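Beneath this line is the structure, given in C-alpha cells, with notes to follow.
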Amino acid sequence: MSETTKSPSKKPKKRTRGHIRKRGDKYYIVYSVAGRKKEEVGGATAEQAKRLLTQRLFEADRGFVRSGKPMTFREFIEVWRTDHVAAQELKPATIRGYDSLIDRHLLPAFGDQRMDRISAEHIRRFFKEKQEATSEKTSRSLSKKTLVNTLRLLNSIFNFAMLIELLVKNPCKGIKLPRAPKREMDFLRPEEVRGFLGVFTDEEMRCLFTTAVMTGMRRGEILGLQWDDIDFKGSVIRVRRSISNGEIQLPKTEKSRRAIQVGPALLKTLRAHKLRTGARSSFVFTTKSGTLLDPDNLVKRVFEPTLFAAGIERHIRFHDLRHTFASILINEGANLKFVSEQLGHASIIITLDRYSHLIAERHDDTVSKFEKLLLAEADVE
12 MSETTKSPSK KPKKRTRGHI RKRGDKYYIV YSVAGRKKEE VGGATAEQAK
62 RLLTQRLFEA DRGFVRSGKP MTFREFIEVW RTDHVAAQEL KPATIRGYDS
112 LIDRHLLPAF GDQRMDRISA EHIRRFFKEK QEATSEKTSR SLSKKTLVNT
162 LRLLNSIFNF AMLIELLVKN PCKGIKLPRA PKREMDFLRP EEVRGFLGVF
212 TDEEMRCLFT TAVMTGMRRG EILGLQWDDI DFKGSVIRVR RSISNGEIQL
262 PKTEKSRRAI QVGPALLKTL RAHKLRTGAR SSFVFTTKSG TLLDPDNLVK
312 RVFEPTLFAA GIERHIRFHD LRHTFASILI NEGANLKFVS EQLGHASIII
362 TLDRYSHLIA ERHDDTVSKF EKLLLAEADV E
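Written out as C-alpha cells, the structure is:
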C-alpha cells in the first residue's frame, strides 16, 4: 500500500497596501487609504516612486489624507463651523458653549498646528495640563464637566475631519479622562433653611429662594417661571420652560416638563408676591424694572451673601437647594417615585443613584423593627 503524499498547503498571499506602476516615461504610485484607492505621479525613476509611496503610507498610518495644502487646526475650525455646526441647527446657547471651549482652550493649544501633526500624545498631554490647571475665574481646577465637554467637542471636530477625508484617524480615539473624585453631595438641614430664609430683607428674593427650596426646581426653571404656570386652585406649579444665557428654552426631556405639587404656605407666599409684582411682568421673578434676572448676579450678589449672613460658611451651590428639597422629602419618608417625578428625573434610577445614601441612613434600623414586629414575644436584645 503506497503512502499518499499531501500537497503542501498554499501560503496566503500577503496583501500589499500599495504598488508602483510605470506608464510611459513616468512611474506612478497606487495605494489605498481608508478603503479608497489613490493614484499619483511618483517620479521619473522607480526609486523616486518607491520613496514617495513609503511617505504616503507613513502619512496614512498617522491619520493624514493629503488633500491640497496642509491645514492648521485654526483654519479647519472655520471649515467645521461653516460646514458642520451650521448644518446641525443647534441652539444658540450650545454654539456659544462650543465657541467658549474653542477660544479659551483648544485654539491656544492647537491653533497653529497642522491637523495631520496633532497626535494622540498631544491630546493626552493637553488634557493632563488642563486637569492640573486652575480656572482664571474661580482659582479652582477645571471641572470634570468642562473637561468631558472639551474632549467630546474635540472628538467631534476630528470626526468631521475624517468625514471630509482630511484625516483617516481620530487622535482622540481611546483618550479617557481619569475619574474625578465624586463630589460629596451637600444640602441645607431644616434649621439651616429656616435661618437662611429668615435673614432676607428683600421679600421678592425671599419668595424666590423659598420657591427653590420648596419645589426643587432648577435655577433656569425658576427664572423661566410665569404666572400662568402656577395653578393656585390645584396647588400645582407646571414647569414649561427654562432660562439659559438670557434665552427662553424648552425643557430638555419630557420628564422635565412636569407638574410639581406645592403646599399652602408656598402658595400664600406666591400670592403675596403676585400682589406686589404681578403687573410688572408675565414672569414671576424679575428685576425691579421687570427684566429677566441674571443668574450669575443672583448667585454672587444675593445667594452667597445671604448664606454668609445666615452663618452657613461651607460651599453651598444654588443647585444644592434642589438636593435640600429631595433630601428632606426622603428623610420624611416620601415615596421615591414621587420624589423622582417632582425633580423631573428621567427615571427613578437617577434618583436612587444620587440619594441612595440618604435612603440607607433612614432605614438603618429596618431589620431591628422587622424583628420586633415578628418576634414581639421573643427575648430580643
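Per the working numbering, the sequence shown starts with residue 12, numbered consecutively. Ideal Cβ placement from N, Cα and C applies to all residues, glycine included. A quick note: this is a predicted structure, and the numbers were derived from the prediction, not measured.
Rounded to the nearest whole angstrom, the C-alpha separation of Gly209 and Lys244 is 27 Å. Inside the stretch 308-342, DSSP marks whole alpha helix (DSSP H) runs of 4 or more residues at positions 315-320, 331-342, from first to last along the chain.
Glu100 has its alpha-carbon roughly 12 Å from the corresponding atom of Thr93. For Glu352, the enclosing alpha helix (DSSP H) covers residues 347-354.
The continuous stretches of beta strand (DSSP E) do not include Gln142, which lies in the alpha helix (DSSP H) extending over residues 131-143. In this structure Leu234 does not touch Phe336 by the C-beta definition: roughly 17 Å separates them, more than the 8 Å allowed.
With a minimum length of 4 residues, the unbroken runs of alpha helix (DSSP H) contained wholly in the stretch 172-221 fall at 201-209. In the three-state reduction of the DSSP assignment, Asp242 falls in the strand class, which pools E and B.
Under the three-state reduction of DSSP output, Glu86 falls in the helix class. Beta bridge pairing from DSSP links Arg125 with Thr83. Residue state for Glu258 is assigned as strand, using DSSP reduced to three classes. Contact check for Arg85 against Leu118 passes: the beta carbons are separated by less than 8 Å. Between Phe138 and Leu158, the CB-CB gap stays under 8 Å. Ala276 carries a helical assignment under DSSP once its states are collapsed to helix, strand and coil. Nearest C-alpha to Ala283 among Met228, Thr317, Glu215, Ile339: Glu215. If you look at Gly29, you'll find it isn't in any alpha helix (DSSP H); it sits in the beta strand (DSSP E) that goes 29-34.
Straight through space, the alpha carbons of Val247 and Gly301 are spaced by roughly 24 Å.
For Arg107, the enclosing alpha helix (DSSP H) starts and ends at 103-112. Here the alpha carbon of Gln59 sits roughly 19 Å from the alpha carbon of Ser43. In the DSSP assignment, Val52 is bridged to Tyr39. Measuring C-alpha to C-alpha distances from Ser255 to each of Ile88, Trp91, Thr105, Lys299 identifies Thr105 as the nearest. Between Val250 and Leu332, the C-beta gap is not smaller than 8 Å, which leaves the two residues out of contact. In the three-state reduction of the DSSP assignment, Phe294 falls in the strand class, which pools E and B. For Arg163, no pairing in a beta bridge is given by DSSP. The beta carbons of Thr83 and Arg136 sit no closer together than 8 Å. Straight-line spacing of the CA atoms in Gln260 and Glu232 works out to 9 Å. Secondary structure of Leu236 (DSSP, three-state): coil. In this structure, the alpha-carbon of His330 lies about 34 Å from that of Ala98.
Ala270 is bridged by DSSP to Arg249. Taking 8 Å as the upper bound for CB-CB distance, Phe198 and Ser351 are not in contact here, some 17 Å apart. Ala321 and His334 have their C-alpha atoms spaced approximately 19 Å apart. At the C-beta level, His116 and Thr161 come within 8 Å of one another.
Here His133 is exposed. Its C-beta has fewer than 16 other C-beta atoms within 10 Å. C-alpha of Ala345 to C-alpha of Glu203: approximately 21 Å in a straight line. In the three-state reduction of the DSSP assignment, Leu303 falls in the strand class. Rounded to the nearest angstrom, the Cβ distance from Trp238 to Ile168 is 44 Å, too far for a contact under 8 Å.
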